[in-house]
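A short write-up of the structure that comes next.
Protein chains: 2
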Amino acid sequence: MADIPSSGTSKQRKGNGQPGSDYETGLSEDEQLDIRIWLRLLTCANLIERRVRKNLRDKFNTTLPRFDVLAQVDRTPDGQPMRELSRRMMVTNGNITPLVDRLVEDNLIRRDPSPEDRRVQHVRLTENGRQALDEMFPAHSSWVNNLMANLDRDNASQLYALLGELKTSIQTAERDED
Amino acid sequence: MADIPSSGTSKQRKGNGQPGSDYETGLSEDEQLDIRIWLRLLTCANLIERRVRKNLRDKFNTTLPRFDVLAQVDRTPDGQPMRELSRRMMVTNGNITPLVDRLVEDNLIRRDPSPEDRRVQHVRLTENGRQALDEMFPAHSSWVNNLMANLDRDNASQLYALLGELKTSIQTAERDED
DNA sequence: TTATATTACTTTAAGTCTAAACTATTTAAT
DNA sequence: ATTAAATAGTTTAGACTTAAAGTAATATAA
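Protein sequence lines, in the order shown, are assigned to chains A and B.
Counting from 1, one number per residue, gives the positions in the first sequence under my numbering.
Counting from 1001, one number per residue, gives the positions in the second sequence under my numbering.
Structure, rendered in structure tokens:
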């Protein structure tokens, strides 16, 4: 996960000679800034994720992917097809199958075949699953809240907006890729 | 990875009645903002990570953790102990061992026992590893740069600063935990 | 209609990751 | 010096993740 670039190069690599270039890395200031944003982003995400994982394990004896499935499934009253789960969770299809298998075993969710399309399985919360989620959800919020408690509210709003800009930039770049 | 909270609750959960609370989630505006920051952060991190992983595989037939190890090892001329690698990469100790094993097999790094402390193994780049990294590093930068190309430079600087604030907030909260 | 492509999901093999238990070594405290 | 505690690294079992290949069902197109 961590992805910290070093000089990333042998001593031979020279600066590009342009203003704002860095002798060590051969990157322009803009390029360096981008990399630093990426690394800081990753560090923050890792720190938060680590805390959430630890608390889910310690306090609810579960894992983040399991919590994610429950939270996702709960987003729509009629449950969701597997493909929708994998799309929302940003993981591959093959990942979801065994994850859902285990949650079904534990009677937290169930699979209902779609009446319209026999390929589709709708995943829904069981009563058990709902209860579990109702306990976990506020705790999860409070953990995140706690980690950001020292962040000034104006800064928080701005950060949220800027992350939106970043997201747009990424999606634009990915769209142009194709 | 994705961690999208839904209503996360049955219909029974009521708003907390305070100004700015949300009937659906029972979260205050501040709490909602924090969760939204977290989710957006995670989305951005996932999008970038996914692109980097895909490009590492397609163009260099390698993986992100492998690249991370090489980049980390390169940061200090005399290599680094395993514990330092795991600390910097924010993964557990047990993760590093097989990862390093595979890279040693491929002759990209080597393990040198520390002369001072017989428990310690210093991990260093081989000439092969240096060459590989020298090819990968600029490519890696350009991928990230590309994803952020549509981000205004002022916004980028601000985002970097705010992520710093967030990081501090998280670390403060974690410190208080202990 | 019939062939072709697409879609939803599962399976497989291999890599990554974690927590926990373990070994070997070093450090600290008596 | 001897014991206890801490540290570096490895190993283990299990969960998660991916890409790629496979199966079944649906949609498209000729």
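Each residue gets a CB set at the ideal place from its N, CA and C atoms; glycine is no exception.
These numbers come from a predicted model, not from an experiment.
*asked:* Closer than 9 Å between beta carbons: that is the criterion. Which residues of the segment 137-148 of chain A meet it against chain B?
replied: 137, 138, 140, 141, 142, 144, 145, 146, 147 and 148
*According to DSSP, is residue 75 of chain A helix, strand or coil?*
coil
_Cα-Cα separation, residue 1176 of chain B to residue 43 of chain A_ = 19 Å
*Residue of A:148, A:41 and A:81 minimising C-alpha distance to residue 1148 of chain B*: A:41
_Considering only their Cβ atoms, is the gap separating residue 1124 of chain B from residue 1203 of chain B smaller than 7 Å?_
Nothing about residue 1203 of chain B can be read from this structure; chain B reaches only from 1001 to 1178.
*Identify whether residue 1113 of chain B lies in helix, strand or coil by the three-state DSSP scheme.*
strand
_At the 7 Å Cβ level, is residue 1086 of chain B part of the contact set with chain A, yes or no?_
no
*Between the Cα of residue 1161 of chain B and those of A:152, A:90 and A:127, spot the shortest distance and give me the residue it belongs to.*
A:152
*Give the DSSP-derived three-state secondary structure of residue 108 of chain A in the structure shown.*
coil
*Compute the Euclidean distance between the alpha carbons of residue 1163 of chain B and residue 55 of chain A, then round it to the nearest angstrom.*
23 Å
*Could you check the C-alpha separation between residue 26 of chain A and residue 80 of chain A for me, to the nearest Å?*
48 Å
*Using 8 Å as the threshold, is the segment 55-74 of chain A in touch with the segment 1167-1174 of chain B, meaning 3 or more CB pairs across them?*
no
*Would you mind sorting residue 1166 of chain B into buried or exposed? The rule is 16 or more other CB atoms within 10 Å of its CB.*
buried
*asked:* Can you tell me whether residue 1145 of chain B is buried or exposed? The criterion is at least 16 other CB atoms within 10 Å of its CB, across all chains shown.
replied: buried
_Residues of chain B with CB closer than 7 Å to the CB of residue 164 of chain A, please, in chain order._
1040
_Taking the alpha carbon of residue 1113 of chain B as the reference point, which residue from B:1150, B:1128, B:1038 and B:1078 has its own alpha carbon closest?_
B:1078
_For residue 50 of chain A, the nearest candidate out of A:35, A:130 and A:63 (CA to CA)_ = A:63
*Closer than 9 Å at the beta carbon, the chain A residues around residue 1153 of chain B*: 30 and 33
*Specify the secondary structure class of residue 1119 of chain B as computed by DSSP and reduced to three states.*
coil
*Does the Cβ-Cβ distance between residue 159 of chain A and residue 1048 of chain B come in under 7 Å?*
no
*Please classify residue 1033 of chain B: does DSSP put it in a helix, a strand, or coil?*
helix
*For residue 180 of chain A, which of A:137, A:156, A:155 and A:157 has the nearest alpha-carbon?*
Residue 180 of chain A lies beyond the stretch modelled for chain A, which goes from 1 to 178, so this question has no answer here.
*Beta-carbon proximity of residue 129 of chain A to residue 99 of chain A, cut-off 7 Å*: no
*By Cβ distance below 8 Å, which residues in the same chain neighbour residue 1118 of chain B in space, the five residues on each side in sequence not counted?*
none
*Could you tell me how far apart the beta carbons of residue 1156 of chain B and residue 85 of chain A are, in whole angstroms, since I believe they sit closer than 8 Å?*
No, residue 1156 of chain B and residue 85 of chain A are not in contact; Cβ-Cβ is about 33 Å, not under 8 Å.
_Strand pairing of residue 1041 of chain B, partner residues [DSSP]_ = Answer is none; residue 1041 of chain B lacks a bridge partner.
*Please check if any C-beta of chain B sits within less than 7 Å of the C-beta of residue 54 of chain A.*
no
_Residue of B:1122, B:1132, B:1074 and B:1116 minimising C-alpha distance to residue 1097 of chain B_ = B:1122
*Amino acids of chain A, ordered along the chain, whose beta-carbon sits closer than 8 Å to that of residue 1157 of chain B*: 33
*asked:* Nearest by alpha-carbon distance to residue 94 of chain A: which of A:88, A:83 and A:104 is it?
replied: A:83
*Can a CB atom of chain A be found closer than 7 Å to the CB of residue 1059 of chain B?*
no
*Compare the C-alpha of residue 76 of chain A against each of A:66, A:65 and A:88 and name the closest.*
A:88
*Should residue 1090 of chain B and residue 46 of chain A be called a contact, given that it needs their Cβ atoms to be closer than 7 Å?*
yes
*So, is the C-beta of residue 1102 of chain B closer than 7 Å to a C-beta in chain A?*
no
*Going straight from the alpha carbon of residue 1074 of chain B to that of residue 1168 of chain B, what length do you get?*
27 Å
*asked:* Can you find the residues in the same chain that come closer than 7 Å, C-beta to C-beta, to residue 120 of chain A, ignoring five residues on each side of it along the sequence?
replied: 81 and 114
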